[in-house]
Amino acid sequence: MKLPHQKGMVIWLMGLSGAGKSTISNLFEEQLNESGFFSIKLDGDEMRKGLNHNLGFSMDDRAENIRRAAETAKIIALNGIIVTCSFITPLNAHREIARTILGDMYFEVFIDCPLDVCEQRDIKGLYEQAYNNTLKNFTGISSAFERPENPDLVLHTDHFTAKQCCDQLHNAVKTRIADIS
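The UniProt record's numbering applies: residue 1 is where the sequence shown begins, and numbers increase by one.
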């Protein structure tokens, strides 16, 4: 069954821990629902508790984490559902995995936030653990994060509120999600 008035697509939010990916994803889903669209969120933390529970944080495991998430998102989007993915996605090679799997359904959003701001927002204490070497392979500290080469959209969460970023995202994708045929 195809959902009326919408096209399936995958909106892939990436950035450092604490950049605002999940916050924007939650607000965006609310905004989509209020506008009459149906969407599903896939969150990196939640995926690692379930489908990807057996993966660690080596580069190979991170690549497999993204591959599984992209394959899952593809199945959902092919059914006409808008999927918002919130994954750190640290390397350009990982983003290429998602882009290759998702093709034209892929819309890449870089949640750009300086490391010091992400550290200030860290309610889980992950950055402190990484600096104390009790948390290994932490992106941005002991594991690389490459700035995306050509994202479809960049949201600066250190300059704009989460709501303003959500509005920017909605404006960027609204013509792509509406099925006017």
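Beta carbons are placed, not taken as given, at the ideal position from N, Cα and C, and that holds for glycine. None of these values were measured; they are calculated from a predicted model.
{"Query": "Determine the direct distance from the alpha carbon of THR134 to that of GLU149, and round the result to whole angstroms.", "Result": "31 Å"}
{"Query": "In three-state DSSP terms, what is MET1?", "Result": "Any reading at MET1 is ruled out, since the residue's pLDDT is 46, under 50, leaving its predicted position unreliable."}
{"Query": "Is GLY50 buried or exposed, if buried means 16 or more other CB atoms sit within 10 Å of its CB?", "Result": "exposed"}
{"Query": "Run through the UniProt domain \"APS kinase\" (7-155) for me and flag every whole beta strand (DSSP E) of 3 or more residues, listed as ranges in chain order.", "Result": "9-14, 39-43, 82-86, 106-112"}
{"Query": "Indicate whether ALA73 and HIS94 have their beta-carbon atoms separated by less than 8 Å.", "Result": "no"}
{"Query": "Does the count of Cβ pairs from the stretch 38-50 and the stretch 129-148 closer than 8 Å reach three?", "Result": "no"}
{"Query": "Using a Cβ-Cβ cut-off of 7 Å (strictly less than) and excluding sequence neighbours within five positions of MET1, which residues of its own chain qualify?", "Result": "Model confidence at MET1 stands at a pLDDT of 46, short of 50, so the residue's coordinates are unreliable; what they give is reported in the following sentence. Result list for MET1: empty, nothing under 7 Å."}
{"Query": "Taking the alpha carbon of ALA154 as the reference point, which residue from MET47, ILE111, SER22 has its own alpha carbon closest?", "Result": "Residue 154 is actually Val in this sequence, not Ala. Closest by alpha carbon: ILE111."}
{"Query": "Output yes or no for whether 8 Å exceeds the beta carbon distance between GLU119 and THR84.", "Result": "no"}
{"Query": "Which residues in the same chain have their Cβ closer than 8 Å to the Cβ of GLN168, if we skip the five residues on either side of it in sequence?", "Result": "LEU153, LEU155, PHE160"}
{"Query": "Within 10 Å of its beta-carbon, does LYS163 have 16 or more other beta-carbons around it, so buried, or fewer, so exposed?", "Result": "exposed"}
{"Query": "Spatial neighbours of ILE24 within its chain, please: C-beta separation below 6 Å, excluding the five flanking residues on both sides.", "Result": "ALA162, CYS165, CYS166"}
{"Query": "For LYS124, tell me which candidate among GLY18, GLU71, ILE81 has the shortest Cα-Cα distance.", "Result": "GLY18"}
{"Query": "Please state whether DSSP places ASP158 in a helix, a strand or coil.", "Result": "coil"}
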